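In terms of the numbering used here, the sequence shown opens at residue 9 and continues consecutively. Following: one structure in structure tokens, then a few remarks.
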Amino acid sequence: MDVSGEAELLRNVPLFSGLSASELKLLAFTGRVLRFEPGEILMKQGDRADCAFVILEGTVEVVGESANGAYLIAVQGKNSILGEMGIIADAPRSATVRAKDQVRALRLSGDVFLRLACENPQRALYVMRQLSARLSHELAAIGVLREQLQQAQTGARRAT
Numbered sequence: 009m010d011v012s013g014e015a016e017l018l019r020n021v022p023l024f025s026g027l028s029a030s031e032l033k034l035l036a037f038t039g040r041v042l043r044f045e046p047g048e049i050l051m052k053q054g055d056r057a058d059c060a061f062v063i064l065e066g067t068v069e070v071v072g073e074s075a076n077g078a079y080l081i082a083v084q085g086k087n088s089i090l091g092e093m094g095i096i097a098d099a100p101r102s103a104t105v106r107a108k109d110q111v112r113a114l115r116l117s118g119d120v121f122l123r124l125a126c127e128n129p130q131r132a133l134y135v136m137r138q139l140s141a142r143l144s145h146e147l148a149a150i151g152v153l154r155e156q157l158q159q160a161q162t163g164a165r166r167a168t
């Protein structure tokens, strides 16, 4: 696929939907399309966040590690962007991402991503709003899980 085709695919990524055609082409031109086989690691928890990945085809599993072992956080597919929060926070990867099936992904340099995200105040605000909406959605999901856990614990106490 050529740069123009990849740029059009990027337009479907919610975080990039507000970018101009030339900005999308810059992302596509500076990015690198990679292929991953099932089980292959795209990024590993604890590693330096030097890039983000846009999933063009296939699905990936986002997996966390704890003292009790690995646990599935999410499954993401086409048009998902992964790793951008580590770039923005300048923090190590918070989870491991591995291919669930065959995956084609565009690897975006952290420097290019930050430059595009922060080049002008309107775009920076747009990126902040997109990330805030995503965090808000995740916090709501955590709230639902917390309620379910409390109900299960209450039910377990009554049963004993």
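Don't be surprised by glycine CBs; every beta carbon is placed ideally from N, CA and C. Since we're looking at a predicted model, the values are computed, not measured.
Decide if Cys59 is buried, meaning its Cβ has at least 16 other Cβ atoms within 10 Å, or exposed. In the sequence shown, the residue the question calls residue 59 occupies position 51. In summary, Cys59 is buried, with 16 or more beta-carbon neighbours lying within 10 Å of its beta-carbon over all protein chains present.
Pairs of beta-carbons, one from the stretch 111-118 and one from the stretch 27-44, closer than 8 Å: are there three or more? yes
Asp98 and Ala125 closer than 9 Å at C-beta: Locating residue 98 in the sequence shown gives position 90, counting from the first residue. Locating residue 125 in the sequence shown gives position 117, counting from the first residue. No, these two residues do not count as a Cβ contact at 9 Å.
With a threshold of 16 other CB atoms inside 10 Å of the CB of Val21, please say whether the residue is buried or exposed. Working through the sequence shown from its first residue, we reach residue 21 at position 13. Per the 10 Å Cβ criterion, buried.
Can you tell me which of the three DSSP states Gly163 falls into? In the sequence shown, counting from the first residue as 1, residue 163 sits at position 155. If DSSP states are grouped into helix, strand and coil, Gly163 belongs with the helices.
Give the DSSP-derived three-state secondary structure of Ala60 in the structure shown. By one-based count along the sequence shown, residue 60 stands at place 52. When secondary structure is reduced to three states using DSSP, Ala60 falls in the strand class.
Option nearest Ile63 by Cα separation, candidates Ala36, Gly72 and Leu27: Residue numbering aside, residue 63 sits at position 55 when the sequence shown is read from its first letter. It is Ala36 whose Cα lies nearest to the Cα of Ile63.
Between which two residues does the beta strand (DSSP E) holding Phe44 run? The count along the sequence shown starts at 1 and reaches residue 44 at position 36. Segment Arg40 to Phe44, the beta strand (DSSP E) holding Phe44.
Where does the unbroken beta strand (DSSP E) through Ala113 begin, and where does it stop? Counting from 1 along the sequence shown, the entry for residue 113 is found at position 105. Note, Ala113: beta strand (DSSP E), Val111 to Ser117.
If you follow the alpha helix (DSSP H) that Ala15 is part of, which residue opens it and which one closes it? As a first step, residue 15 is located in the sequence shown; it is residue number 7 there, counting from the start. Start and end: Val11 to Leu18.
Under three-state DSSP, which class holds Leu27? For the purposes of this step, residue 27 is identified with residue 19 of the sequence shown, where counting begins at 1. If DSSP states are grouped into helix, strand and coil, Leu27 belongs with coil.
Can you find the residues in the same chain that come closer than 7 Å, C-beta to C-beta, to Ser88, ignoring five residues on each side of it along the sequence? Counting from one through the sequence shown, the residue named residue 88 turns up at place 80. The residues are Ile63.
Pull up the CB-CB distance for Ala29 and Val70, whole angstroms please, since I reckon it's below 8 Å. Here residue 29 refers to the residue found at position 21 when the sequence shown is read from its first residue. Here residue 70 refers to the residue found at position 62 when the sequence shown is read from its first residue. Incorrect: roughly 30 Å between the Cβ atoms, too far for contact.
For Arg137 and Thr162, I'd like the C-alpha separation in whole angstroms. The sequence position of residue 137 within the sequence shown is 129, counting from 1. The sequence position of residue 162 within the sequence shown is 154, counting from 1. The alpha-carbon atoms of Arg137 and Thr162 are separated by roughly 37 Å.
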